[in-house]
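To get the working numbering, take the position in the sequence shown, counting from 1, and add 798.
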Amino acid sequence: MTDPMTDLMTAPTTGSLFQDVQQFYARQMRLLDQGAVEEWADTFTEDGVFDQNVAEPLTGRADITVASRKRVDQLVAEGITRRHWLGMLEVDPQDEQGVVRTRYYAFSMATERGGRPRITASTYAEDTLVRHEGTWLVRYRRVTHDGTD
799 MTDPMTDLMT
809 APTTGSLFQD
819 VQQFYARQMR
829 LLDQGAVEEW
839 ADTFTEDGVF
849 DQNVAEPLTG
859 RADITVASRK
869 RVDQLVAEGI
879 TRRHWLGMLE
889 VDPQDEQGVV
899 RTRYYAFSMA
909 TERGGRPRIT
919 ASTYAEDTLV
929 RHEGTWLVRY
939 RRVTHDGTD
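This is the structure in structure tokens:
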């Protein structure tokens, strides 16, 4: 029987793979924070899933785009700037075809015009990423908001 903690601590991740995935997330979150919803949604596979424990799962780029556009437009109308920060990233290769599993913490922050930033969500997320035409795409994202059941 294997020890899950030993397996976790010895998972083979190369520095270049880690950096590549980290760069993907930096770009992906910046797109969303800048309101480039269509480009952000394009970082999901056509049948990608965005699943949060506080909302119904969104399946497919079209549904992800519509829901995200609605939220971004609401924030703009309210004069709120939103930022995401991801950290404590783990990257685990799953197969030779370029599938990786990631786990990370994420904060969402909001700042009203003239106001101070405040954390609006603290989450734990797990993604399945796939390689496609030299970049990463999210096949499945599960986001669990802290303090919720």
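Every residue, glycine too, gets a C-beta built ideally from N, C-alpha and C.
Computed from a predicted model, the values in this text were never measured in an experiment.
- Spatial neighbours of valine 835 in its own chain (CB-CB distance under 7 Å, excluding positions within 5 residues in sequence) are listed in chain order as Thr863, Ser866, Arg867, Val870.
- In the three-state reduction of the DSSP assignment, aspartate 944 falls in the coil class.
- In the DSSP assignment, glycine 813 falls outside any beta strand (DSSP E) and lies within the alpha helix (DSSP H) extending over 813-831.
- Residue burial is scored here from C-beta neighbours: arginine 880 has at least 16 other C-beta atoms within 10 angstroms and is therefore classed as buried.
- A straight line joining the alpha-carbon of leucine 884 with that of threonine 921 spans about 9 Å.
- When secondary structure is reduced to three states using DSSP, threonine 863 falls in the helix class.
- Distance between aspartate 893 and threonine 918, taken at the CA atoms: about 36 Å.
- Secondary structure of alanine 875 (DSSP, three-state): helix.
- Only buried fits glycine 846, as 16 or more other CB atoms lie within 10 angstroms of its CB.
- Under the three-state reduction of DSSP, arginine 869 is assigned to helix.
- Residue burial is scored here from C-beta neighbours: valine 936 has at least 16 other C-beta atoms within 10 angstroms and is therefore classed as buried.
- Pairing alanine 908 with arginine 916 gives a Cβ-Cβ distance under 7 Å.
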